[in-house]
Amino acid sequence: METHQLNVMRYCFIMLLGVSITFAQVPKNMVQINAGSYVPLYGTDDKLPIKVDAFLLDIYPITNYEYLTFVKDNPEYGKSKIKRLFANTSYLSEWSNDLNFGKLNPQSPVTNVSWFAAKKYCECQGKRLATLDEWEYVGMADEKRIDARSKQEFNKYILSWYEKNNTYTNKVGQTYKNYWGVYDMNGLVWEWTYDFNSIFLSGESRKDKDTDSNLFCGSGSINATDLMNYAAFMRYAFRGSLKASYTTKNLGFRCAKSLK
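For what it's worth, the working numbering labels the leading residue of the sequence shown as 1, then goes sequentially.
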């Protein structure tokens, strides 16, 4: 009996050690998103679930303060120095100069950042932009459910946010904490994804979303599994209007990281 109890204690210790190691692998201000699947509301004809592998995601969008640190280390991404190929003239338009975000709150999400600049920021952190499927998979969760898209209250909340002005001036972390422990997926700013408008290409498969034409062309048609889901439609339509060099005052980003 004592031998059995000792073996159980050893097993429990090993399991706890394993959990500690797992937690230690998650960088600060990131959480692990477990693998799963979901049926996209747009961009698929067969309505079959799409698999999402486990990955890490930033808890909050990138802030003005964090982006300023990046610009100091990468001056070519300063407001006056970035090449027009990589960002339009609105890039960091509310900043006072290359190294000063002016009256903006340091803990508010950085906006007026192009896809190219957001991608570079993430790469400098050893991370990447989340894919559209990864973002939608996490973004469909409310406080208690992995998929809250069928909840009327959840969609009303998102739609009410669309009607509000200047939410990008709010600090990060003031919206709800969702099922995964992530804040601000809805209610603060729109966010770049790696393949932000790949589903808006008529005659193209979503599997071909690594091509440049998929990344930078905003025209085409869409297919919806739920035409009444205006909250999702607005999100996809907004993405479809973008090009990689575009910047707007309500568009920010956060980083992700692969586990493999």
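Beta carbons: idealized from backbone N, C-alpha and C, even for Gly.
- Annotated three-state conformation of Lys243 is coil, per DSSP.
- Annotated as distal: Ile62 and Val31, with beta-carbon spacing of 8 Å or more.
- Only residues of its own chain outside the window of five on either side were considered, and among them Glu143 and Tyr183 have a CB closer than 7 Å to the CB of Lys177, listed in chain order.
- DSSP, read as helix, strand or coil, puts Phe55 in strand.
- When Gly126, Gly187 and Asn166 are compared, the shortest CA-CA separation from Ser160 is found for Gly187.
- Scanning Ala256, Leu259 and Trp190 for the CA closest to the CA of Ala237 turns up Trp190.
- Looking at the backbone, the Cα of Ser245 and that of Trp180 are separated by about 31 Å.
- For Ile33, the enclosing beta strand (DSSP E) starts and ends at Met30 to Ile33.
- If you draw a straight line from the Cα of Thr89 to the Cα of Tyr77, it is about 13 Å long.
- Taking a contact as a CB-CB distance under 8 Å, the pair Gln107 and Tyr168 does not count as one, their CB atoms being some 12 Å apart.
- Each of Ile33, Phe253, Asn29 and Gly252 was checked against the Cα of Val138, and the nearest Cα belongs to Ile33.
- Of Gly173, Asp133, Asn105 and Lys260, the smallest CA-CA separation from Arg235 is found for Asp133.
- Listed as beta-bridge partners of Asn97 by DSSP are Asn100.
- As the crow flies, the alpha-carbon of Ile146 is around 42 Å from that of Lys81.
- Sequence-distant Cβ neighbours of Pro49 in its own chain, meaning closer than 8 Å and more than five residues away, are Ser37, Tyr38 and Val39.
- Contact annotation, Arg84 with Lys257: C-beta distance approximately 30 Å; criterion of less than 8 Å not satisfied.
- For Arg254 against Asn197, the beta-carbon gap comes to about 18 Å, at or over 8 Å, which does not count as contact.
- For Gly36, the enclosing beta strand (DSSP E) has its first and last residue at Gly36 to Tyr38.
- At least 8 Å separates the beta-carbon of Leu68 from that of Lys79.
- Exclusion of the five residues before and after Gly173 leaves Tyr60 and Tyr183 as the residues of its chain whose Cβ lies within less than 6 Å of its Cβ.
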